[in-house]
Amino acid sequence: MKRKLVSVLLCAAMVGATLAGATTVFAEEEAATEEAAAEETTDEAAAEEEAAEETTEEAAEEEASDEGGEKEWEYKEAELTFLIDPDTPSQGYQAVFDLCEEKTGIHIETEIRASGGEGDNIVKTRLASGDMADLCGYNSGAKLGELNPEENFIDISGEEWASRLNDMWRQAANGGNEGAIYGIPYASTMSSAILYNKDIYEEYGLEVPHTWDDFLANCQTLQDAGEVAMIGSIGDSWTIQCTYLGDHYNVLAENPNFAEEFEAGTAKYATTPAGVESFQKLADLQPFFNEDYTATTYADACDMLVNGDGAHYVILTQALSSIYDLYGDDVNKIGLFGIPGNDPENHGLTVWTPTGIYGNAKSDKKEDILRFMEFYTSDEALDAFTEAQKPDGPYCIEGYELPEDAYDAAKDAQAYFDEGKISLALEFQTSVKGTNCEYICSEVATGQTTAEEAAAAYDDDCKKQATQLGLDWE
């Protein structure tokens, strides 16, 4: 367009000059030189404009790719087997399996194994006998290392698409082998956090606290107003340990090497100030619990929180889906914040990574396994998963944003991910975990023992586990 316009103008100028009869040979030569220069400049400008347009188109394509724009998948029929326990919700992964078959031709045949210790033995036996399914669903974190992943599972760290897996997942899925990645996340993360009723906070003009003292001050304000500040549910004793477990971010804030030193037996809860504080927080909460907190169950507590019969509940965020199943969109009356420490500038969140899906290294269908894994971590697969099964927290996939209809509390958790203020729970960093944790936490929360005594008791409990694992604890 520019070239045509310049040419027309030049022609008009030349015609005008000829009609005026005022040109000389010198002028004509000069005009011709200027015309040639102008055309050359115009050609260069057009070329630059064309190059800029191509660059813009390439950038747009790259941006679409980065944002998970739909990909043209290779369609090649294949069948893979998938071994998983019955406790893992199937709605999400089945929606992805169905879409995967439609898009790639890969059909997934699911095999259900036992759960718990029996299920662990089944997995280990089938790996040892060479009878493992093509895909194996199993814990991420420290327990993965017990399966000799370097021998049994495909290392996907060299796959281009694996660059989307975030650092937290890389840590949880390396099986103790730095740099390796042995699987993909089955679902979203969850966290142990303080869920709170937003209507109550609004009614009393409270703000999300960023230190433990500020949190206790909020509790005192609510108790003085006649509200139940804290919901306790020792009727299901596992729930009371969530305060201790969820405080691990603050332990690592004091000593980033605590998990490694704890496994080696050189660091202990009783001798780590932040470790003692994790148990002290249970003692701090006792005055604010509902009167019947020793009999209240997990289900009761979820009801109380969403109905405004209690302001706070420290629990794993799987509670969000439990509440959604019963109360629908009322789940968005609930917000989330991490268990605060002492530094308002370092308020973080302790995170549980999901079950992993691992590729059998001895399968003769490695190419199809990798095709499946690439699809499962794509945005369109995550969209399908999320539509079928709402996430209890952010995903471990870089660049994938939670949908607008995600739980508000899950979006609150996303902010901690975005700021990088997250840590793995201790059980994902070491296999050393005492068997009596919930009972020790219950004793603190009911005033039967002190935080110092509880920390020492938990160290002793963990020493037994460390001995069984063959670790040389001091």
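Take the sequence shown: its letters are residues -27 to -1, 1 to 447, numbered as in mature numbering (1 follows the signal peptide of the UniProt record, and there is no 0).
Positions of the beta carbon are idealized from the N, C-alpha and C atoms, including for glycine.
Inter-residue CB distance, A106 and E84 (contact presumed, cutoff 8 Å):
Here residue 106 refers to the residue found at position 133 when the sequence shown is read from its first residue. Here residue 84 refers to the residue found at position 111 when the sequence shown is read from its first residue. A106 to E84, Cβ: 6 Å. Contact.
Out of L258, D276, G329, which one is the CA nearest neighbour of G420?
Here residue 420 refers to the residue found at position 447 of the sequence shown. Selected option, being the one with the closest Cα: L258.
Given this structure, state the Cα-to-Cα distance separating I127 from N333, to the nearest angstrom.
Here the question's residue 127 lines up with position 154 in the sequence shown. Here the question's residue 333 lines up with position 360 in the sequence shown. Computed Cα separation, rounded: 6 Å.
Mapping DSSP to helix, strand and coil, what is D434?
What you label residue 434 is simply residue 461 of the sequence shown in a count that begins at 1. DSSP places D434 in helix when its eight states are reduced to three.
By Cβ distance, which residues of its chain are closer than 7 Å to E36, with the 5 residues on each side in sequence left out?
One-based indexing of the sequence shown puts residue 36 at position 63. Summary for E36: the model assigns pLDDT 42, below 50, so the residue's position carries little reliability; its value from the coordinates is reported in the next sentence. Excluding sequence neighbours, E36 sits near nothing in its chain.
Could you check what DSSP says for S294 in three-state terms: helix, strand or coil?
Along the sequence shown, read from residue 1 onward, the residue named residue 294 stands at position 321. Helix, per DSSP.
Buried or exposed for N280, going by 16 or more other Cβ atoms inside 10 Å?
Numbered from its first residue, the sequence shown carries residue 280 at position 307. By the 10 Å Cβ count, N280 comes out exposed.
Helix, strand or coil for residue 472 per DSSP?
Within the shown structure, residues of the chain are numbered from -27 to 447, placing residue 472 beyond reach of any answer.
Any alpha helix (DSSP H) of 4 or more consecutive residues that is wholly inside the stretch 48 to 121:
64 to 77, 89 to 102
Can the beta-carbon of T61 be found closer than 7 Å to that of T328?
Residue mapping note: residue 61 aligns to position 88 of the sequence shown, counting from 1. Residue mapping note: residue 328 aligns to position 355 of the sequence shown, counting from 1. Yes. Within cutoff.
Can you tell me whether A190 is buried or exposed, with buried defined as 16 or more other CB within 10 angstroms of its CB?
Within the sequence shown, numbered from 1, the residue matching residue 190 stands at position 217. Exposed is the label assigned to A190, since fewer than 16 other Cβ atoms lie within 10 Å of its Cβ.
Span of the beta strand (DSSP E) around G156
Taking the first residue of the sequence shown as 1, we reach residue 156 at position 183. 156 to 158 is the span of the beta strand (DSSP E), which, as asked, contains G156.
Output yes or no for whether 7 Å exceeds the beta carbon distance between A386 and L309.
Looking up residue 386 in the sequence shown gives position 413. Looking up residue 309 in the sequence shown gives position 336. The answer is yes: Cβ separation under 7 Å.
Let me know the secondary structure DSSP gives I288 once reduced to three states.
Along the sequence shown, one-based indexing puts residue 288 at 315. In the structure shown, I288 sits in a strand (DSSP, three-state: E or B).
Assumed close pair D432, K171 - CB separation to whole angstroms, cut-off 8 Å:
Working through the sequence shown from its first residue, we reach residue 432 at position 459. Working through the sequence shown from its first residue, we reach residue 171 at position 198. D432 to K171, Cβ: 38 Å. No contact.
Could you pull the start and end residues of the beta strand (DSSP E) that N230 belongs to?
Your numbering for residue 230 matches position 257 in the sequence shown. Note, N230: premise wrong, no beta strand (DSSP E); not H, not E.
I'd like to check one pair, V417 with A202: are the Cβ atoms closer than 7 Å?
Counting from one through the sequence shown, the residue named residue 202 turns up at place 229. Counting from one through the sequence shown, the residue named residue 417 turns up at place 444. In this structure, V417 does not lie closer than 7 Å to A202 by Cβ.
I'd like the list of long-range same chain contacts for A430, defined as Cβ closer than 7 Å, with 5 residues on each side in sequence excluded.
Stepping through the sequence shown from its first residue, residue 430 is reached at position 457. If we look at A430 and ignore the five residues flanking it on each side, its Cβ neighbours are I413.
If you reduce the DSSP assignment to three classes, tell me which class Y300 lands in.
Sequence index remark: in the sequence shown, residue 300 carries index 327 (1-based). Y300: helix per DSSP, three-state reduction.
In terms of residues, what are the limits of the beta strand (DSSP E) holding Y169?
Translated into positions along the sequence shown, residue 169 becomes position 196. Segment 163 to 170, the beta strand (DSSP E) holding Y169.
Just list the residues that DSSP pairs W325 with in beta bridges.
The count along the sequence shown starts at 1 and reaches residue 325 at position 352. Bridge partners of W325: M163.
Along the chain, where does the beta strand (DSSP E) that runs through F310 open and close?
In the sequence shown, residue 310 corresponds to position 337, counting from 1. Looking at the DSSP string, the run of the beta strand (DSSP E) that includes F310 is 307 to 310.
Give every residue of the same chain whose Cβ lies closer than 6 Å to the Cβ of A146, excluding the five residues on either side of it in the sequence, and list them in chain order.
Stepping through the sequence shown from its first residue, residue 146 is reached at position 173. Same-chain partners within the cutoff: S113, I154, Y155, G156, G329.
Alpha carbon to alpha carbon, what distance is there between Q64 and T362?
One-based indexing of the sequence shown puts residue 362 at position 389. One-based indexing of the sequence shown puts residue 64 at position 91. For the record, residue 362 in the displayed sequence is Gln; it is not Thr. Their backbone Cα atoms lie some 6 Å apart in a straight line.
Measuring straight from C-alpha to C-alpha, what distance separates E426 and E151?
Taking the first residue of the sequence shown as 1, we reach residue 426 at position 453. Taking the first residue of the sequence shown as 1, we reach residue 151 at position 178. C-alpha separation (whole angstroms): 36 Å.
So what does F126 bridge to, in DSSP terms?
To locate residue 126, count along the sequence shown from 1; it is residue 153. Partner(s): N333.
Spatial neighbours of residue 454 in its chain, beta-carbon cut-off 8 Å, leaving aside the 5 residues before and after
Residue coverage of the chain in this structure runs from -27 to 447, which leaves residue 454 outside it and unanswerable.
Quick check: what's the CA-CA separation for Q196 versus S404?
Working through the sequence shown from its first residue, we reach residue 196 at position 223. Working through the sequence shown from its first residue, we reach residue 404 at position 431. Whole-angstrom Cα-Cα distance: 39 Å.
Uninterrupted beta strand (DSSP E) stretches inside the stretch 188 to 233 (no shorter than 3 residues)
none
Beta-bridge partners of S351, as assigned by DSSP
Residue mapping note: residue 351 aligns to position 378 of the sequence shown, counting from 1. Its beta-bridge partners do not exist; DSSP assigns none.
So S396 is in the beta strand (DSSP E); what residue range does that whole segment cover?
Taking the sequence shown and counting its residues from 1, the one referred to as residue 396 is at position 423. Element bounds for S396: 395 to 397.
Taking only the alpha-carbon atoms, compute the straight-line gap between C192 and F261 and give it to the nearest angstrom.
In the sequence shown, residue 192 corresponds to position 219, counting from 1. In the sequence shown, residue 261 corresponds to position 288, counting from 1. Taking the straight line from one Cα to the other gives about 7 Å.
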